[in-house]
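Trainee: Sequences listed follow chains R and G, in order.
136 is the number that our numbering gives to position 136 of the first sequence; each next residue is one higher, with no gaps.
1140 is the number that our numbering gives to position 140 of the second sequence; each next residue is one higher, with no gaps.
Number of protein chains: 2
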Amino acid sequence: MVMGVVVAADSHLGRAKNDTAITRPSLMKELAARRVRITTQRRLLVGIIQGSPRHLDAATLLELARKQDPGIDRATVYRTLALLKDRGLIDELDLMHIEGEKHFYEAKTNRDHCHMACFRCGAIVEYASSSFERLKKEMVKQSGFQIRVVRLEAGGFCQRCQKAS
Amino acid sequence: MVMGVVVAADSHLGRAKNDTAITRPSLMKELAARRVRITTQRRLLVGIIQGSPRHLDAATLLELARKQDPGIDRATVYRTLALLKDRGLIDELDLMHIEGEKHFYEAKTNRDHCHMACFRCGAIVEYASSSFERLKKEMVKQSGFQIRVVRLEAGGFCQRCQKAS
DNA sequence: ATATGTGCAAATCTTTTGCAAATTC
DNA sequence: GAATTTGCAAAAGATTTGCACATAT
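1. For serine 11 of chain R, which three-state DSSP category applies?
2. Measure from the C-beta of leucine 1061 of chain G to each C-beta in chain R and report whether the shortest distance is under 9 Å.
3. Under three-state DSSP, which class holds isoleucine 1072 of chain G?
4. Against chain G, with Cβ distances strictly below 9 Å, would valine 150 of chain R count as a contact?
5. Mind listing, in chain order, the continuous beta strand (DSSP E) runs of no fewer than 3 residues lying wholly within the region 1066 to 1143 of chain G?
6. Below 8 Å on C-beta distance, what does arginine 87 of chain R contact in chain G?
7. Can you grab the Cα-Cα spacing for the pair aspartate 86 of chain R / cysteine 118 of chain R, in whole Å?
8. May I ask you to report which of helix, strand or coil DSSP gives arginine 1024 of chain G?
9. Apply the 10 Å Cβ neighbour rule to threonine 1040 of chain G and answer buried if 16 or more other Cβ atoms are within range, or exposed otherwise.
10. State the DSSP-derived secondary structure class of valine 36 of chain R, mapped to helix, strand or coil.
11. Helix or strand or just coil, what does DSSP make of alanine 59 of chain R?
12. Would you be able to state if there are at least three C-beta pairs under 8 Å between the region 1148 to 1162 of chain G and the region 151 to 161 of chain R?
13. Per DSSP, what kind of secondary structure is arginine 148 of chain R in: helix, strand or coil?
14. Run down chain R in chain order and give the residues with a C-beta less than 7 Å from the C-beta of cysteine 1211 of chain G.
15. Keeping to the same chain, check which residues put their C-beta closer than 7 Å to that of glutamine 1068 of chain G; ignore five residues upstream and five downstream.
16. Buried or exposed: which applies to asparagine 1018 of chain G, given that a residue is buried once 16 or more other Cβ atoms fall within 10 Å of its Cβ?
17. Below 7 Å CB to CB, which residues in the same chain sit around threonine 109 of chain R once its five sequence neighbours on both sides are set aside?
18. Give the straight-line distance between the Cα atoms of tyrosine 105 of chain R and serine 1026 of chain G, rounded to the nearest whole angstrom.
19. By the DSSP assignment, the alpha helix (DSSP H) with cysteine 161 of chain R in it spans what residues?
20. Check whether the region 1129 to 1143 of chain G and the region 1089 to 1097 of chain G touch, using three or more Cβ-Cβ pairs below 8 Å as the test.
21. What residues from the region 1136 to 1147 of chain G come within 7 Å of chain R, judged by C-beta to C-beta, listed N to C?
22. Cα separation between proline 53 of chain R and cysteine 158 of chain R?
23. Taking Cβ-Cβ distances shorter than 8 Å, what residues in chain R pair up with valine 1036 of chain G?
24. According to the neighbour-count rule (16 or more other Cβ atoms, all chains shown, within 10 Å of its Cβ), is isoleucine 1038 of chain G buried or exposed?
25. To be precise: take each residue of the region 93 to 107 of chain R, compare its Cβ to all Cβ atoms of chain G, and keep it if any distance is under 9 Å. Which residues remain?
26. Which residues in chain G have a C-beta closer than 7 Å to the C-beta of glutamate 153 of chain R? List them in chain order.
27. Taking Cβ positions, are valine 1077 of chain G and leucine 1062 of chain G nearer each other than 9 Å?
28. Taking 6 Å as the limit between beta carbons, can you name the residues of its chain near leucine 84 of chain R, skipping five residues before and five after?
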């Protein structure tokens, strides 16, 4: 058994459950620390992102936000996402374009992790390991490139779908 | 020095030059092996992709193709890219959306490699190492997920741009 | 008072699709 | 002649933008 591995399969677009090694620092605190103005709508959006057990796309985030503030606009959602991404507080994922070209978002975690997307059922399996951390360090060392964001995604078939065929 | 490392910085959207460990099997042969009909236009498009030293996006590919066949249509380009992707002959990259939402393509190599995109100058640094191969194996082993495609991308600043600031 | 955030509607950018004509087997 | 590929034009989907108004410091 490899140390530090965090794997968890979940249903459709789910997120790791037994994920004890990964923590998600408070977005609100991070925003405050960066002296970003926290408006009512931003608080709402950030709360939804932080609390969501799933990877959200902009349309879903808007929909969820509208349940609490029907007046909130799509543009505000996109502008807030851009802000959070710019400050490095959320990660933008493509999830191998398993659902078209839209992006998915998740609060930045203390530790980078990979996403594996099942082409058949859409399940997302998350995975973190020290090997990933080592690889990143190696990349930086060997290339001299200064890494700000990393994204490791894979597409294929989850365990369940492999059996089902 | 780590073994098997292939690193090369290049100018804007360039590709590794001293890339001896990485080979690109002939797309034409692969197509033939899969009994895919090879039309004039497909041959043209595939030739451009295979021969290009850069990561191409659909619009650029269309533009290059039109120099030789002005009649070729955008839809054909997209349809051919979809075909090649489906057969696993090309890889689709996002390059951290450094130039908008479009995709970039490259002929599949014998060995997976990462792409690091410079947010400042747009340079693409490619990197392959045995650590990446090990990580992939570990992911499969630990998660039971069957990987068909992997993409490891990073965004940040290349060596030159770090110095320039 | 000044800077910043928001809603609205329209625009933009990339990719996909329906259908008739052309091409290939 | 049947099946596949292509061009054309229009549609679709996701994201961005200009501008006037509202809100916060």
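Yeah, the Cβ is synthetic: ideal placement off N, Cα and C, and Gly gets one too.
Computed from a predicted structure; not experimentally measured.
Mentor: If we stick to the structure as given:
1. Caution applies to serine 11 of chain R, whose pLDDT of 36 falls short of 50 and renders its modelled position unreliable; the value that the coordinates give is listed next. Serine 11 of chain R falls in the coil class under three-state DSSP.
2. The beta carbon of leucine 1061 of chain G does not come within 9 Å of any beta carbon belonging to chain R, so the residue lies off that interface.
3. Residue state, collapsed to three classes: coil.
4. For valine 150 of chain R, the answer is yes, since a Cβ of chain G falls inside 9 Å of its Cβ.
5. Runs of the beta strand (DSSP E) inside the region 1066 to 1143 of chain G: 1090 to 1093, 1104 to 1107, 1114 to 1118, 1124 to 1128.
6. Under the 8 Å cutoff, chain G gives no residues; its nearest Cβ is about 14 Å from arginine 87 of chain R.
7. Going by the C-alpha atoms only, they are around 29 Å apart.
8. The answer is coil: DSSP assigns arginine 1024 of chain G none of H, G, I, E or B.
9. Exposed.
10. Shown here, valine 36 of chain R sits in coil according to DSSP, grouped into three states, outside any helix or strand.
11. Annotated three-state conformation of alanine 59 of chain R is helix, per DSSP.
12. Touching, yes.
13. Of the three classes helix, strand and coil, the one that applies to arginine 148 of chain R here is strand, per DSSP.
14. The structure shown does not extend to residue 1211 of chain G, since chain G spans only 1001 to 1165, so no value can be given for it.
15. Within the same chain, glutamine 1068 of chain G has close Cβ partners Leu1044.
16. Because the pLDDT at asparagine 1018 of chain G is just 38, under 50, the model does not fix this residue reliably, and the value given afterwards should be weighed accordingly. Asparagine 1018 of chain G is exposed by the Cβ-count criterion.
17. Ile22, Thr23, Arg24, listed in sequence order.
18. Going by the C-alpha atoms only, they are around 37 Å apart.
19. Element bounds for cysteine 161 of chain R: 159 to 163.
20. Flag = no, the region 1129 to 1143 of chain G and the region 1089 to 1097 of chain G do not touch.
21. Per Cβ criterion, the list reads Glu1138, Met1139, Gln1142, Ser1143, Gly1144, Phe1145, Gln1146, Ile1147.
22. When rounded, the distance between both Cα atoms is 19 Å.
23. Those do not exist, as valine 1036 of chain G stays about 20 Å from chain R at its closest Cβ, beyond 8 Å.
24. Here isoleucine 1038 of chain G is exposed. Its C-beta has fewer than 16 other C-beta atoms within 10 Å.
25. Taken in chain order, the members of the region 93 to 107 of chain R whose beta-carbon sits within less than 9 Å of a beta-carbon on chain G are Asp94, Met96, His97, Glu101, His103.
26. Residues of chain G whose Cβ lies closer than 7 Å to the Cβ of glutamate 153 of chain R are, in chain order, Arg1151.
27. With a cutoff of 9 Å on beta-carbon distance, valine 1077 of chain G and leucine 1062 of chain G are scored as near each other.
28. Setting aside the 5 residues that flank it on each side, leucine 84 of chain R is surrounded in the same chain by Ile90, each with a C-beta closer than 6 Å to its C-beta; the list follows chain order.
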